[in-house]
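Quick notes on the structure that follows.
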Amino acid sequence: MRNEVGSNSRPFIKLTLAFVITLTAHHVALAQTAAPSINSVSPVSVERGKTAALTITGINLGGADRVYFSHSGLTGKVVEVKDLGTEVREIPKGFTGTVIKDLAHKFSVTVEVKVAEDVPPGRQTFRLGTTLGASTSRAIAVGYLPQAKESEPNNILAEAQQLTLPMTAAGMIGAVGDADVYAFEAAAGQELVFEVVASAVQSPLDSTLELLDAAGRVIATNEDFNNRTDSLLAHKFADSGKYFIRVSEALTGVKKGSFYLLNIGELALVTSIFPLGAQKGMTAEVSVQGHNLHGLDKLSFKAPESAMWGERADVPVRLRKGELWNRVRAGVGAYPETTEAEGNDDFRTAQTLTLPATINGRISPSKTATHDRDVFKWTAKRGQQISISVAAQRLGSALDSYIEILDAKGKQIPRAIVRPLLETYTTLRDHDSTGSGVRLASTTGIAVDDYLLVGGELMRVVSLPPDPDSETNMDNFMGQRRAFEGTTPIGHALDTPVYKVAVYKPDAAIPSGGTAPITLTYNNDDGGLMYGKDSYINFTAPADGEYFVRLTDVRGGAGGDNFAYRLTLAEAAPDYTLSMNPASPNVPLGGSVTVSVTANRIDGFDGPINVALENLPKGLTATTGKILPGHFTTVLTISCPADLVHAVQISGTPLRIAGSAAINGKEVRRVAETDDPISIISVAAPPELFVSVAQKEVRIEPGGTAEVTVAVKRADGFTGRVPVNVRNLPRNTTVKVGLNGVLITESETSRTFKIEADAKAVPLEQMIYVTGTIETNSPVRSEYSAEPIKLIIVPKRSAVASTPQN
């Protein structure tokens, strides 16, 4: 299995959707049908240059007649489709929620896959084309080593399974305390690589590797390699003889389906490079570290001419012998680059920079200093905005960065002052560090848009809970809570104090009395979802003068050759990127589905972004949308007429979502990206649910409400209840709901509800979408949209009206 160095674990890929219309000669009528999804594939690894039979299990894979792969070197044909009957869901003991009784059928699909000789070793993905559209994607590994299945029992050294190297062993950790032991022979001077592949092929295993000698003594061990849950270690053997490698679960519990691949051999593997990237259009000499590289320690890398935000490029690695096992990627920067001058550990020896600049450095503790800090200085003018960012873990580095901005005297610079106004506390359960919901003991005195200080994290309220047993929803990006003023989302224990605060500029006059105000300074640990563990600060210079940025690893004494970074300082360059979800929408004949488009706003850009689907095949239609200021997401719909007649497969037709925004007086156009290498749009069988609304336009003034009536038409025997959702509501606008939300029960066909704009709502126009959901046990939502409604927030004291739908 390929291990990617110098890359995000989820690299973004430019979005090009192949248009596929998937229909069969007959329509299968199933009530409450879940979307087609793949649950498992066996084997999970295929050897290149050979043909293999894959057994795929999943839900509602009926009519599967084609396979889509992420690499053109993989081709497949469906050999057999077996309907295994209605899936019986196990109800957990003590479960008190609503039991969803869908009519999903479990299927087994046999696919014959042929792997070309030139497919690189590593992770690939595939989807099935079915009657109900494209299935969810599933990962497999492509390799070139012979393969063997684990043979139980092999839990102890005396039962170890003998392997002849090189080899890929496919195994399973089946229970708590289970361990798989393999025996092998190694020669003196031989360097072997041991790599576990689990998370990359969608296994929940968090592995640990232990290398043991013939007497059972542990020689080497590894748990998380380069901050991933998969393990990797390499060892050069001093003596010939018999050795053991043991695979186990690192955590106390074992999750169902904890399978893995164990690659063993003299694999040529690059573990780190330096520098981690180069300026666009320039050639850089890169030092290389790894195993079995046959003397390769340097290479030249020519960066591409473009340098979009987060740009990465493949680094070609040519060996004198053999083939590189993993893919190596490097960052591409827009600005002149320099290398850190070691010895820059404090303000007296700080390295001077001329902006803009990207500095390539390492955090490397020395014999005399166990905690390395790299300090750089530059000059700025009052009011100048400087973007300061770290690229490290996104490029395969082990560094968990932390940066601080300091003034000419080495003192921390105030960024904001927060004054506590009232206090409550977290309750009921521990909250994770990313979720948008936080349970508060009381929300009395708290309103939408209020800031809350919890520990060292500053968050903002998006919506209040509809009932005492619900959570307060916080401002978030793609589901991850946003932290403000450079603070970082962290986990909060029960009974942690929560303060509603007023946020002031550092030079503002603070009212006296009450709890002492708290000063937040310019520092950052994690820059947000798009930065991962890498740091980011948008700094505004408070005065003319000299400033310092100090960079270190947040863990203190950590460091080494694999703790490289790219630190970029430049005037803020507002920009954005786009992504979409789902990557492969299934549009039913006569129906509509929603697609969410999300903007990653860069360097403070907060303007509107117009988005539209481009190159739609004839017969399909789509709405356009706008991502409003202060927002990150908008919703579009794709619709298919019921009488579409050209139901034939059309491959290779690109479908793109493009955005356009005015930035500094210029139109900036961006095309959406996706992390899914197989993005296809499918026309599926007619839906079992049709949704309509009585209004095509609603007007609301701040503090007011407006009614919306939604109706549903059930088809093909579907008789279940229908939860209703409203997508694309702007800030400060909510749906007034009861304990069960907006729900059309089994005996109803319509429901009227109210949309409320609070007093802080600003005048605007926005298209909103009322959707109905067929409840299933699948993680893939079966959600269908009505025609859009134009929501108009009118100035206070304006008339409120509703216009009937024609």
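Numbering (the numbering used here), first residue to last: 148 to 953.
Don't be surprised by glycine CBs; every beta carbon is placed ideally from N, CA and C.
Nothing here was measured: the structure is a model prediction, and the numbers come from that model.
- Judged by beta-carbon spacing, V882 lies within the 8 angstroms limit of V873, meaning their Cβ atoms are closer than that value.
- Secondary structure remark: continuous alpha helix (DSSP H) runs of at least 4 residues inside the segment 295 to 361: none found.
- A straight line joining the alpha-carbon of V193 with that of L938 spans about 52 angstroms.
- Here DSSP, grouped into helix, strand and coil, assigns R817 to strand.
- Between the alpha carbons of I891 and S897 lies a gap of roughly 6 angstroms.
- About 5 angstroms separates the beta carbon of C787 from that of V830, a gap short enough to meet the 8 angstroms contact definition.
- The beta carbon of M625 is closer than 7 angstroms to those of L676 and T745 in its chain, skipping five residues each way along the sequence.
- DSSP places K449 in the uninterrupted beta strand (DSSP E) bounded by K445 to K449.
- Only residues of its own chain outside the window of five on either side were considered, and among them L569 have a CB closer than 6 angstroms to the CB of G592, listed in chain order.
- Beta-carbon to beta-carbon, Y646 and P567 are separated by about 4 angstroms, close enough to satisfy the 8 angstroms threshold.
- The continuous beta strand (DSSP E) containing W525 extends over residues D521 to A527.
- With a beta-carbon spacing of about 5 angstroms, T277 and G210 fall inside the 8 angstroms limit used to define contacts.
- When L414, I828, L502 and V838 are compared, the shortest CA-CA separation from E470 is found for L414.
- In the three-state reduction of the DSSP assignment, F752 falls in the coil class.
- For T668, the closest alpha carbon among the candidates Y678, F686 and N623 is that of F686.
- DSSP places Q532 in the uninterrupted beta strand (DSSP E) bounded by Q532 to A538.
- At a Cβ-Cβ threshold of 8 angstroms, S731 and I825 count as neighbours.
- The DSSP-derived three-state label of R713 is strand.
- In the structure shown, L783 adopts extended strand secondary structure according to DSSP, grouped into three states.
- Comparing alpha-carbon positions, the option among V417, A504 and F494 lying closest to A477 turns out to be V417.
- Of the candidates G412, D377, R459 and K383, D377 places its Cα closest to the Cα of A397.
- By the neighbour-count criterion, in which a residue is buried when 16 or more other Cβ atoms sit within 10 angstroms of its Cβ, H252 is buried.
- For N507 and G412, the gap between their C-alpha atoms comes out near 33 angstroms.
- With fewer than 16 other Cβ atoms from the protein chains shown falling within 10 Å of its own Cβ, T311 counts as exposed.
- DSSP lists F216 and R285 as the bridge partner or partners of F273.
- Note on geometry: alpha-carbon atoms of G766 and L736 lie some 11 angstroms from one another.
- DSSP places F372 in the helix class (H, G or I) of the three-state scheme.
- Here V917 has V840, V857, V873 and A933 as same chain residues with Cβ atoms under 6 angstroms from its own Cβ, once five neighbours each way along the sequence are excluded.
- Nearest Cα to S217 within the set A263, P267 and F273: F273.
- Boundaries for L791: no beta strand (DSSP E) harbours it, and the DSSP string shows neither H nor E there.
- Distance check between Y291 and each of E264, Q309, N301 and P300 places E264 closest, using alpha-carbon atoms only.
- In the three-state reduction of the DSSP assignment, R541 falls in the helix class.
- Between Y931 and N733, the alpha-carbon positions lie close to 11 angstroms from each other.
- Burial is judged here by how many other beta carbons sit within 10 angstroms of a residue's own beta carbon; E432 has fewer than 16 and is exposed.
- Secondary structure at S419: strand, using DSSP grouped into helix, strand and coil.
- Beta-carbon to beta-carbon, I550 and L423 are separated by about 16 angstroms, too far to satisfy the 8 angstroms threshold.
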